[in-house]
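*Asks:* Residue numbers (our numbering): 8 to 836. Every residue gets a Cβ at the ideal spot worked out from N, C-alpha and C, and that includes glycine. Here it is, the structure, as structure tokens.
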Amino acid sequence: MNIPYRLYIAAISILSLTVWPRSSRGCGAYLTEGDTRVSLFLQEMVGNDGLSMFYFTYSFLNGGIGEGDRLRNANEWSTYTWGAARPADIDTVMYNVPGYEFVDAYANNDWGRLRQNTFIQWLLLPQNKKAMDYMLFAKKVELAHSRWTQDEQNLWKWRIVDVGMDREGEYFLIKDAMVLCENADVAQFLRQRYAFQAVKMMYYENYYSTDTVICDADGGTKDNTPLIQCYERYLKDRPTIVAKWGRLYYGLSFADKRKRAAELIRCFHRCDEKKDFIYKHLSAGEVNDLLATEKNKEMRAAIYAYKGIKTPGKAMAEIKAVYENAPGSDYLGLLMVREISKLDNWVLGPEVNGFYSGSDRGSDWYDHGDTLARFFALKNLAKDKVYMRQLMSCLEGLRDLRGKNATLRMLALAHLHQVDKNFAMAATYLDKIPRQKDRTIEQQRNVERIIHIMNTEDIAAGTVQQKLYEHFAVLDVVKKEAGYWDYYYPPVDVRSELYLMLSGKFRKKGDIVMAHLLFRKADMQVNDHCGYNPPGEDDTEFRYHYIHHLDRYGRPEDVDSLLAFYDKKGKTAFERSVMPERRGKNEWYAELKGTLLMRQGKFEEALAVYSNLPENYWAENYEFKIYLDRLNITAGGTLLPEPETMPRYYDMVSKKYALQDIVRLRKQLQTEKDSTKVARICFQLGNAFYNMSYYGRDWMMYSYGWSSHENDVYDVNGKWEYFRFRSADPVIEKVYYNCTWAIKMYEKALVNARKDKELGAKIVMMLALCDDGDRYYKFIKKMERSDLYPPFERPKDLTSPYLSLLGKRYSRTRTYEWASVNCPDIAGY
8 MNIPYRLYIA AISILSLTVW PRSSRGCGAY LTEGDTRVSL FLQEMVGNDG
58 LSMFYFTYSF LNGGIGEGDR LRNANEWSTY TWGAARPADI DTVMYNVPGY
108 EFVDAYANND WGRLRQNTFI QWLLLPQNKK AMDYMLFAKK VELAHSRWTQ
158 DEQNLWKWRI VDVGMDREGE YFLIKDAMVL CENADVAQFL RQRYAFQAVK
208 MMYYENYYST DTVICDADGG TKDNTPLIQC YERYLKDRPT IVAKWGRLYY
258 GLSFADKRKR AAELIRCFHR CDEKKDFIYK HLSAGEVNDL LATEKNKEMR
308 AAIYAYKGIK TPGKAMAEIK AVYENAPGSD YLGLLMVREI SKLDNWVLGP
358 EVNGFYSGSD RGSDWYDHGD TLARFFALKN LAKDKVYMRQ LMSCLEGLRD
408 LRGKNATLRM LALAHLHQVD KNFAMAATYL DKIPRQKDRT IEQQRNVERI
458 IHIMNTEDIA AGTVQQKLYE HFAVLDVVKK EAGYWDYYYP PVDVRSELYL
508 MLSGKFRKKG DIVMAHLLFR KADMQVNDHC GYNPPGEDDT EFRYHYIHHL
558 DRYGRPEDVD SLLAFYDKKG KTAFERSVMP ERRGKNEWYA ELKGTLLMRQ
608 GKFEEALAVY SNLPENYWAE NYEFKIYLDR LNITAGGTLL PEPETMPRYY
658 DMVSKKYALQ DIVRLRKQLQ TEKDSTKVAR ICFQLGNAFY NMSYYGRDWM
708 MYSYGWSSHE NDVYDVNGKW EYFRFRSADP VIEKVYYNCT WAIKMYEKAL
758 VNARKDKELG AKIVMMLALC DDGDRYYKFI KKMERSDLYP PFERPKDLTS
808 PYLSLLGKRY SRTRTYEWAS VNCPDIAGY
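Here it is, written out as structure tokens:
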């Protein structure tokens with residue numbers, strides 16, 4: 008019996024009937040932290056650009072340093088010029104003219120485009136030569152700094168030599184700066200700036216030296232005494248911006264960690280430009296030690312705020328402490344807004360986009376799926392809700408706030424009450440907030456109104472939809488650009504979360520069409536596999552995201568309703584606002600409708616829908632040509648050790664051809680009286696239904712995706728990564744995963760196959776395969792429903808009872824003999 012091995016690869020996979028499936032995991036797609044975050048509380052309400060880098064967003068530390076320090080520097084210079092130079096022109100020269108360009112222009116007296124700059128015009132006046140000398144000096148320092156921060160082949164290195172600076176020129180610059188600091192003919196304003204350049208160069212000279220043990224950003228064994236003396240003599244306690252910037256280098260020059268921390272936190276508090284650096288080099292623990300001796304309330308508030316900013320976790324204690332020391336501090340507004348944003352992510356996230364905060368996997372994930380991660384995710388969620396109510400009580404107690412902080416407190420309480428589903432209390436806070444001139448405050452008020460309306464009013468009513476439209480219309484439209492920054496740190500568009508929330512509300516009301524439109528409008532990542540939505544796509548290529556929501560939750564009639572909505576004349580303003588930019592082709596939705604009908608067992612109606620599609624539709628669209636098989640859908644193929652007849656192939660992949668065979672067999676079954684023929688018809692239909700299941704070769708008849716992880720429960724936050732078939736109707740899921748249609752047909756075939764032992768053996772083998780899928784999926788569902796860890800022990804006997812039946816009743820058949828030769832496990836039965 009030299010039969011090709013490929014014919015049995017199934018009986019063949021009878022081994023899989025005795026082993027629970029496990030699949031390997033490798034590198035694949037990933038999401039940035041921002042992709043999974045829900046944020047409905049606008050960080051920009053803080054109103055301090057200098058703190059924007061600390062907003063609780065995915066662009067944390069990448070939000071820019073604000074313009075405050077630059078503006079202050081330009082204004083100080085403008086005042087020094089008695090208003091002759093405009094601040095904007097000063098800023099241009101300071102920050103947008105490279106050092107080499109300035110030095111070249113001075114050396115050649117060729118200012119080109121800068122001739123019209125009021126600051127350059129002022130510097131060129133003879134009486135302002137000392138100011139010009141300083142600017143030339145500062146630009147030389149900029150060039151010298153490029154040697155410290157770039158490699159030896161620096162593009163601008165030669166320009167330093169051109170202006171009389173050799174490779175050791177930076178040392179002479181320090182010396183020159185110190186001389187000019189002591190020169191009585193130099194104005195105090197310029198002397199402070201020379202001093203700043205000196206302390207900055209002293210720091211970098213030390214930092215990049217290889218033979219020093221003087222203190223630097225990473226600590227050291229002794230003070231940088233020359234730097235400390237220079238700063239204390241010329242800059243300490245001066246009100247200028249350079250004095251505040253210089254405090255960074257001053258603080259870094261102390262070997263004593265306590266002194267170092269004290270000066271760095273003062274620098275952090277008093278200027279914006281150095282905040283990022285200090286955040287990265289000063290721990291919360293080092294700052295906390297200062298509280299024992301610091302008496303100044305303003306500085307104590309800054310220390311507590313710094314601790315709050317440094318923690319990604321709960322910071323209610325720091326909010327209270329800042330309030331007690333400086334209730335008008337901008338830090339308090341920042342900490343309040345950050346805390347609300349954290350709770351949005353922790354509490355709203357699981358409800359809105361399905362992502363939980365916290366780690367995804369425990370150490371024994373392999374043995375227990377994601378039950379450990381899910382167990383702790385649910386416990387954390389419960390604790391976060393308790394903390395949310397504690398924070399509300401805390402904010403209730405902050406009654407002495409004034410100005411913007413008072414408004415932020417009211418908005419925070421309104422928002423938290425809405426998250427806590429206490430909409431009546433939320434409304435009382437919203438009503439107490441007077442209309443504001445601050446646009447971001449008004450934006451947040453509209454966000455809260457939209458949340459309130461969708462949760463307390465009938466969103467199906469036209470008047471309510473008009474109100475929603477009006478509130479959405481005043482929210483800022485954020486456009487995303489195709490570039491690095493927007494890819495990794497996309498701008499926040501709060502409308503996305505709101506559209507997604509509203510989609511869920513319509514879905515619960517049974518309006519799947521509006522839910523589908525809003526889901527597409529949201530264009531937001533959720534913890535579900537929704538297909539890829541590439542930027543700049545057109546309507547010519549079918550993609551799963553066009554139909555995802557209808558596939559998951561829709562019925563055939565919803566497809567008709569969607570197309571009718573697209574073609575509807577006289578849409579309301581709300582209806583026009585939710586229309587997607589790209590609707591897709593009608594034939595895509597017709598194909599989906601046929602699939603939905605087929606899932607309901609309405610094969611004849613599905614075939615009628617497919618009859619209106621082009622013959623080559625499945626060969627030309629999506630991935631049908633790859634995952635649909637040309638082999639007749641009623642054939643067992645390699646799942647059986649011996650085919651009954653020569654297999655028949657379709658001319659091309661086509662759901663229509665497959666359905667024609669199913670419809671033909673169903674008609675024959677209605678009239679056939681001979682039991683053996685009935686058995687063969689039911690066997691073929693059973694094969695067709697098995698092939699359409701998750702375990703079959705024609706699974707794309709029933710589903711639009713497939714994954715080896717589909718029946719695994721790894722990663723509580725990893726459902727987006729792998730396709731998983733879902734339906735609002737559990738009966739439809741059971742057909743796919745539990746093989747209910749196939750089992751029903753095989754059981755009927757077995758009852759009628761008493762006269763044909765060979766056919767009976769094949770039926771039992773297929774029942775064993777179906778039974779394996781059925782029992783494994785029940786195991787998975789039990790794990791998903793479990794709220795305990797570990798939920799239960801794995802069953803010890805994993806073999807199908809049909810294998811025992813195969814050995815007892817059909818051991819003398821040729822089918823059994825062939826199968827047992829190629830799969831020894833069968834021989835034991």
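Suppose contacts are defined by Cβ-Cβ distances below 9 angstroms. Is L405 in contact with E346 by that definition?
*Replies:* Cβ atoms of L405 and E346: not closer than 9 angstroms.
*Asks:* Considering only DSSP beta bridges, list what Y656 is partnered with.
*Replies:* Bridge partners of Y656: L638.
*Asks:* Assuming N534 and W727 are in contact, meaning their beta carbons sit under 8 angstroms apart, how far apart are those beta carbons, in whole angstroms?
*Replies:* That belief holds up - the Cβ atoms of N534 and W727 are roughly 5 angstroms apart, short of 8 angstroms.
*Asks:* Note down, in chain order, each residue of its chain lying with its Cβ closer than 6 angstroms to the Cβ of Y743, except the 5 sequence neighbours on either side.
*Replies:* So the list reads S700, Y701, Y709, F732, once near-sequence residues are dropped.
*Asks:* Three-state secondary structure (DSSP) at R731?
*Replies:* R731 falls in the coil class under three-state DSSP.
*Asks:* For Q204, is the classification buried or exposed, using 16 other Cβ atoms within 10 angstroms of its Cβ as the cut-off for buried?
*Replies:* Q204 comes out buried.
*Asks:* Closest by CA to Q691, which one among K751, R502, N412, R527?
*Replies:* When each option's Cα is compared against that of Q691, the closest is K751.
*Asks:* Put R562 into one of helix, strand or coil per three-state DSSP.
*Replies:* Note: R562 maps to coil in three-state DSSP.
*Asks:* Taking just the CA atoms, how far does T547 sit from K592?
*Replies:* Distance between the alpha carbons of K592 and T547: 8 angstroms.
*Asks:* Between N332 and K304, which are expected to be in contact by the criterion C-beta below 8 angstroms, what is the C-beta distance as a whole number of angstroms?
*Replies:* Yes, they are in contact, since the Cβ atoms of N332 and K304 sit about 4 angstroms apart, within 8 angstroms.
*Asks:* Does the beta-carbon of Y178 have 16 or more other beta-carbons within 10 angstroms, so that it is buried, or is it exposed?
*Replies:* Exposed, because fewer than 16 other Cβ atoms sit within 10 Å of the Cβ of Y178.
*Asks:* Do you know how far the Cα of I457 is from the Cα of D837?
*Replies:* Because the chain is modelled from 8 through 836, residue 837 falls outside the range shown and cannot be assessed.
*Asks:* Taking all protein chains shown into account, decide if T822 is buried (16 or more other Cβ within 10 angstroms of its Cβ) or exposed.
*Replies:* Classification for T822: buried.
*Asks:* Report, in whole angstroms, the separation of the C-beta atoms of C746 and D705, which I expect to be a contact under 8 angstroms.
*Replies:* Incorrect: roughly 13 angstroms between the Cβ atoms, too far for contact.
*Asks:* Compare the C-alpha of L350 against each of E280, V426, N453 and name the closest.
*Replies:* The shortest C-alpha separation from L350 is found at V426.
*Asks:* What would DSSP say about M699, mapped onto helix, strand or coil?
*Replies:* In this structure, M699 counts as coil in the three-state DSSP scheme.
*Asks:* Report yes or no: do three or more beta-carbon pairs, one from the stretch 597 to 613 and one from the stretch 656 to 673, lie closer than 8 angstroms?
*Replies:* A contact exists between the stretch 597 to 613 and the stretch 656 to 673.
*Asks:* If I688 sits next to L672, beta carbons under 8 angstroms apart, how far is it from one beta carbon to the other, in whole angstroms?
*Replies:* The Cβ separation is near 5 angstroms, so the contact holds.
*Asks:* Looking only at its own chain, which residues have a Cβ that is under 6 angstroms from the Cβ of Y311, when we skip the five neighbours before and after it?
*Replies:* So the qualifying residues of the chain are E325, A328, V329.
*Asks:* I need the straight-line Cα distance from I767 to T683, nearest angstrom please.
*Replies:* Correcting the residue identity first, residue 767 is Gly in this sequence and not Ile. Their Cα atoms are separated by approximately 10 angstroms.
*Asks:* Could you give the distance in angstroms between the alpha-carbon of Y313 and the alpha-carbon of E358?
*Replies:* Going from the Cα of Y313 to the Cα of E358 covers about 31 angstroms.
*Asks:* Compute the Euclidean distance between the alpha carbons of M306 and N295, then round it to the nearest angstrom.
*Replies:* Spanning the two alpha carbons is a distance of roughly 12 angstroms.
*Asks:* What's the C-alpha gap between G258 and T300?
*Replies:* Whole-angstrom Cα-Cα distance: 18 angstroms.
*Asks:* Please return the same chain residues whose Cβ sits closer than 6 angstroms to the Cβ of S31, not counting the five positions on each side in sequence.
*Replies:* Only weak support is given to the placement of S31: the predicted model assigns it a pLDDT of 37, under 50, and the value that follows is read from those uncertain coordinates. Excluding residues within five positions, none has a Cβ falling inside 6 angstroms.
*Asks:* Could you give the DSSP three-state label for A613: helix, strand or coil?
*Replies:* In the structure shown, A613 sits in a helix (DSSP, three-state: H, G or I).
*Asks:* From the beta carbon of R345, is the nearest beta carbon of chain B less than 9 angstroms away?
*Replies:* Considering every chain present, this structure includes no chain B. It has just one protein chain.
*Asks:* Should V685 and F610 be called a contact, given that it needs their Cβ atoms to be closer than 9 angstroms?
*Replies:* Their beta carbons are not under 9 angstroms apart, which means V685 does not touch F610 by this criterion.
*Asks:* Nearest-angstrom Cα distance between D218 and N231?
*Replies:* Any reading at D218 must be qualified, since the residue scores a pLDDT of 42, below 50, and its modelled position is unreliable; no value is offered.
*Asks:* Which residue wins for smallest C-alpha separation from M521, given the options P587, G292, K147?
*Replies:* It is P587.
*Asks:* Just to confirm, is the Cβ distance from I316 to F61 under 9 angstroms?
*Replies:* The answer is yes: Cβ separation under 9 angstroms.
*Asks:* In chain order, which beta strand (DSSP E) runs of at least 3 residues are fully inside the stretch 290 to 332?
*Replies:* The qualifying runs do not exist here; there are none.
*Asks:* Taking the alpha carbon of L599 as the point to measure from, which residue in R79, Y436, R77, L569 has its own alpha carbon closest?
*Replies:* When each option's Cα is compared against that of L599, the closest is L569.
*Asks:* Expressed to the nearest angstrom, what Euclidean distance is found between the alpha-carbon atoms of F572 and K764?
*Replies:* Whole-angstrom Cα-Cα distance: 56 angstroms.
*Asks:* Taking the CB atoms as reference points, tell me whether Y596 and L638 lie closer together than 9 angstroms.
*Replies:* No, Cβ-Cβ distance for Y596 and L638 is not below 9 angstroms.
*Asks:* May I ask you to verify whether the stretch 560 to 568 touches the stretch 455 to 469, counting CB pairs closer than 8 angstroms and requiring at least 3?
*Replies:* Taking 8 angstroms as the limit for Cβ pairs, the verdict is that the stretch 455 to 469 does not touch the stretch 560 to 568.
*Asks:* Thinking C-alpha only, which one of K528, V45, E212 is nearest E582?
*Replies:* Closest option to E582, Cα to Cα, is K528.
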